[in-house]
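A.B. asks: Could you have a look at this structure, given as structure tokens, before my questions?
Set out below in structure tokens:
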């Protein structure tokens, strides 16, 4: 089955802790993305990567970090610097990336992070 | 003002009704318009996409784009309880660089009652 997997499905974090969310894809897509979804708001772009070993900040990158060491994997770390991390986090991938406006993004099932 | 505006609802309709979901936008450079469906606690899935103006039909779903009014719509005919979900509009093509960046509406929650 081709697709995007995210783990864990639910994650609880104590204040002051860093946590890492996993995202893996077997679609052979070059580009991968992380979004944050809050109630009543649309998806907001945190980070994106259009190629291995390269990534760029999105609109709300503060308090987050990423790596892209393998084409299939794009983990997101939510650091203690993120002031309001409780949200639903979505990973996506696409064939080409943001240089093409007709590229389609496919989403994973999401990780719900709650800060205790 | 947000670049993309979408009424969050909730919208409740009886089974079999025609549903109209809408988004307005401010950036006239947008060219690629999408509708995603998101079930509760799941990731969004692409439902329809349209390039530039016009209509596109797929089964019970019709997507319309009116670029002159900066207005897009998704119509669902013969709505079913399984259509109950949040519908997100998204668009791209609005910048000279990173033209593929998606700008999302807030999402409209739809409930279809049996």
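Chains as they are written, first to last, in our numbering: chain A, 10 to 125; chain B, 15 to 128.
Glycine residues also receive a C-beta, built at the ideal position from the N, C-alpha and C atoms.
Assign residue 86 of chain B to one of two classes, buried (16 or more other C-beta atoms within 10 Å of its C-beta) or exposed (fewer than that).
C.D. replies: Sequence index remark: in the second chain, residue 86 of chain B carries index 72 (1-based). With 16 or more other Cβ atoms within 10 Å, it is buried.
A.B. asks: Can you list, in chain order, the residues of its chain with a C-beta nearer than 6 Å to that of residue 16 of chain A? Leave out the 5 residues immediately preceding and following it.
C.D. replies: For the purposes of this step, residue 16 of chain A is taken as residue 7 along the first chain, with counting starting at 1. For residue 16 of chain A, where only same-chain residues beyond five positions count, the Cβ hits under 6 Å are 31.
A.B. asks: Does any residue of chain A bring its CB to less than 8 Å from the CB of residue 89 of chain B?
C.D. replies: Within the second chain, residue 89 of chain B is the residue found at index 75, counting from 1. No, its Cβ sits nowhere closer than 8 Å to a Cβ of chain A.
A.B. asks: May I have the straight-line CA-CA distance separating residue 45 of chain A from residue 29 of chain B, to the nearest angstrom?
C.D. replies: Looking up residue 45 of chain A in the first chain gives position 36. Looking up residue 29 of chain B in the second chain gives position 15. Distance between the alpha carbons of residue 45 of chain A and residue 29 of chain B is about 32 Å.
A.B. asks: Interface residues of chain A around residue 57 of chain B at Cβ under 7 Å?
C.D. replies: For the purposes of this step, residue 57 of chain B is taken as residue 43 along the second chain, with counting starting at 1. Those within 7 Å of residue 57 of chain B in chain A are 99, 116, 117, 118 and 119.
A.B. asks: Along chain B, in chain order, which residues have C-beta atoms closer than 7 Å to that of residue 112 of chain A?
C.D. replies: One-based indexing of the first chain puts residue 112 of chain A at position 103. Those are 114, listed as they occur along chain B.
A.B. asks: At a CB-CB cut-off below 7 Å, which residues of chain B make contact with residue 106 of chain A?
C.D. replies: Taking the first residue of the first chain as position 1, residue 106 of chain A is located at position 97. Residues of chain B passing the Cβ test: 114.
A.B. asks: Exposed or buried, residue 112 of chain A, counting other C-beta atoms within 10 Å across all chains shown (16 or more means buried)?
C.D. replies: Residue 112 of chain A sits at position 103 when you count from the first residue of the first chain. Classification of residue 112 of chain A: buried, given that the 10 Å Cβ count is 16 or more.
A.B. asks: Would DSSP call residue 76 of chain A helix, strand or coil?
C.D. replies: Translated into positions along the first chain, residue 76 of chain A becomes position 67. Looking at residue 76 of chain A - three-state DSSP - the assignment turns out to be coil, as it is neither helix nor strand.
A.B. asks: Are the beta-carbon atoms belonging to residue 44 of chain B and residue 107 of chain B less than 8 Å from one another?
C.D. replies: The residue you call residue 44 of chain B lines up with position 30 of the second chain. The residue you call residue 107 of chain B lines up with position 93 of the second chain. Yes, these two residues count as a Cβ contact at 8 Å.
A.B. asks: Whose C-beta lies closer than 6 Å to the C-beta of residue 29 of chain A among residues of the same chain, with five residues either side of it excluded?
C.D. replies: Position 20 of the first chain holds residue 29 of chain A. The answer, listed in chain order, is 84 and 86.
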